[in-house]
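This report refers to the structure that appears directly beneath it.
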Amino acid sequence: MNRLSSLRSYALWASQGLCCTLLVQKYLGDITMCTGPSMLPTFNSFGDIVVLEFLTWRWKRQVDLGDVVVAISPLNAQRIVCKRVLGLPGDTVRKDPSVSDEVIVVPPGHVWLQGDNLSHSTDSRTYGPVPMGLLKGKVLFKLWPEIVRINKNP
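Under my numbering, think of the first position of the sequence shown as 5, with each following residue one higher.
Structure follows, in structure tokens:
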């Protein structure tokens, strides 16, 4: 009987731990990997492990210019993209300074996202302003290969 009681205690402890972990990942933050060349030199192309926070976005719906965010790709809902916010609602942004002088006004409820490595990034220059509903969270820190706080300036 004592062994059964211990087993129940461990199962209860494990289920409580799992619930707490899921709540943290859903509402507070998460750890994920950003891969690809679009955010060079901020992130390595082979992948960096980063810390995301969801609190600011979930409750305040606030992002600032220069924030690095994770969002659902407007081109493929199965993919997640990691880009820098370069335009907020109402801002005028140059669509692609390397190609033309075309400017776009970011509509209400949208942001303009671009990678730091313009020559190797599929971003708002391709798919236009991104609805804020696709944003998942802000990148706060790079954990691996070294611990670095992510700055608002590339």
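Where is the CB? At the ideal position from N, CA and C, for every residue including glycine.
Legend entry - Neighbourhood of Arg65 by C-beta distance below 8 angstroms, restricted to the same chain and skipping five residues each side: The count along the sequence shown starts at 1 and reaches residue 65 at position 61. Within the same chain, Arg65 has close Cβ partners Met136.
Inset, instruction - Taking 8 angstroms as the cut-off, decide whether the C-beta atoms of Gln118 and Asp127 are in contact. - result: By 1-based counting over the sequence shown, the position of residue 118 is 114. By 1-based counting over the sequence shown, the position of residue 127 is 123. The answer is yes: Cβ separation under 8 angstroms.
Legend entry - Residues bridged to Val145 (per DSSP): Numbered from its first residue, the sequence shown carries residue 145 at position 141. It is Phe, not Val, that sits at residue 145 in the sequence shown. Its beta-bridge partners are Val55 and Arg153.
Inset, instruction - List the endpoints of the continuous beta strand (DSSP E) containing Arg98. - result: Locating residue 98 in the sequence shown gives position 94, counting from the first residue. Segment Thr96 to Arg98, the beta strand (DSSP E) holding Arg98.
Legend entry - Selected residue, minimal CA-CA separation from Lys99, among Ile108, Pro93, Leu92 and Ile35: Your numbering for residue 99 matches position 95 in the sequence shown. Here the closest residue by C-alpha is Ile108.
Inset, instruction - Kindly indicate which three-state DSSP category Leu16 falls into: helix, strand or coil? - result: As a first step, residue 16 must be located in the sequence shown, where it is residue number 12. Residue state, collapsed to three classes: helix.
Legend entry - Pick from Ser13, Thr46 and Ile76 that is closest to Leu147, judged by C-alpha positions: Position 143 of the sequence shown, counted from the start, is the residue given in the question as residue 147. Selected option, being the one with the closest Cα: Thr46.
Legend entry - Identified DSSP bridge partners for Leu117: As a working mapping, residue 117 is identified with position 113 in the sequence shown. Leu117 is bridged to Val89.
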